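Residue numbering for the sequence shown follows the working numbering, starting at 25 and increasing by one per position. All C-beta atoms, glycine included, are put in the ideal place defined by N, C-alpha and C. Owing to the predicted nature of the structure, the values given are computational and were not obtained by experimental measurement. Here is the structure we will look at.
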Amino acid sequence: MNIVLLGAPGAGKGTMAQRLVADYGVAHISTGDLLRAAVKGGTELGVQAKQYMDAGELVPDQLVIDLVKERLAADDAQKGFILDGFPRNTVQAVTLDSELSALGRSIDAALLIDVAPEVIIERLSARRTCRACGYTGTAADAVCPSCGGEMYQRDDDKPETIQNRLDVYETATSPLVEYYRGQGLLKSVDGARSIDEVYADVKEALGL
Ligand code: AP5
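Okay, here's the thing in structure tokens:
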């Protein structure tokens, strides 16, 4: 199971990835999570990435590509992976294809979680993330339902940054829908329903 999750910020990529990983034991490769860990750890990568992330802009391709290459080579990714937040533009998609091909692997499906921008803005403004385990929930979660950790609001979930992330998605990332459709790999689900309903559709679309 080698899957790319596509969708605007807040479409539910992380939420669906968490469920797939729990049910099928594949690796969750979230470039957003990897970059946030680098920022938190104060690494050189984190220092370089932070200014872009805070503004809702894409981090330079090579930094992200190196991160993904490293994760794809890890033991837990050999059984399969869910790519969440990568690729984000055509350069990243073409690089991913050639990296996988060199490893004798390929993408099995690119799943678009389709959600209208007004729903996205509402969701991201309410989103809270667990500092300890990265679980994503809402402002209604006083503590993390998964591990009891502290829930916080991401810096890039402020209203002015959300709009910029949506603009970046439209310009840089949405062309990947046609990229994967052209490869015959595109599947799509309506992401504006309940989490359980969306997950049922995701499994059906992926033939699980
Ligand atoms: P990243 O962390 O990837 O952010 P994103 O794509 O903007 O995605 P999100 O995590 O915001 O949303 P999601 O689709 O995972 O939604 P979620 O499941 O959390 O990237 C952050 C930054 O890092 C980028 O801006 C960029 O700077 C940098 N970056 C990352 N990757 C990069 C790359 N490849 N190249 C360059 N730069 C990169 O759900 C959102 C909320 O909605 C949650 O509260 C959730 O509980 C709720 N929710 C989910 N589904 C439903 C539903 N069906 N009904 C009701 N609520 C729902």
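Query	Result
Which first and last residues belong to the beta strand (DSSP E) in which Ile27 is found?	Asn26 to Leu30
Let me make sure I understand the geometry here. Which of Val92, Leu96, Ala126 and Leu135 has the alpha-carbon closest to that of Arg205?	Leu135
I'd like the span of the alpha helix (DSSP H) that includes Ser149, first residue to last.	Pro141 to Ala150
How many angstroms separate the CA atom of Leu200 from the CA atom of Thr160?	25 angstroms
Cβ of Arg43 versus every heavy atom of the ligand AP5: is any distance shorter than 7 angstroms?	no
Going by alpha carbons, who is nearest to Leu232 out of Gly172, Ala133 and Asp214?	Ala133
Nearest-angstrom Cα distance between Ala98 and Gly128?	15 angstroms
Measuring straight from C-alpha to C-alpha, what distance separates Tyr76 and Arg189?	11 angstroms
Going by DSSP in three states, Ala51 sits in which element: helix, strand or coil?	strand
In this structure, how does DSSP classify Ser212 when only helix, strand and coil are distinguished?	strand
With hydrogens ignored, establish whether the beta-carbon of Thr195 is closer than 7 angstroms to any heavy atom of the ligand AP5.	no
Taking all protein chains shown into account, decide if Tyr193 is buried (16 or more other Cβ within 10 angstroms of its Cβ) or exposed.	buried
Please name the residue in Arg217, Arg112, Gly104 and Glu68 whose C-alpha comes closest to that of Ile89.	Arg112
Under the assumption that Ser149 contacts Asp108 (Cβ atoms under 8 angstroms), give the Cβ distance between them as a whole number of angstroms.	Contact flag wrong, Cβ pair sits at about 21 angstroms.
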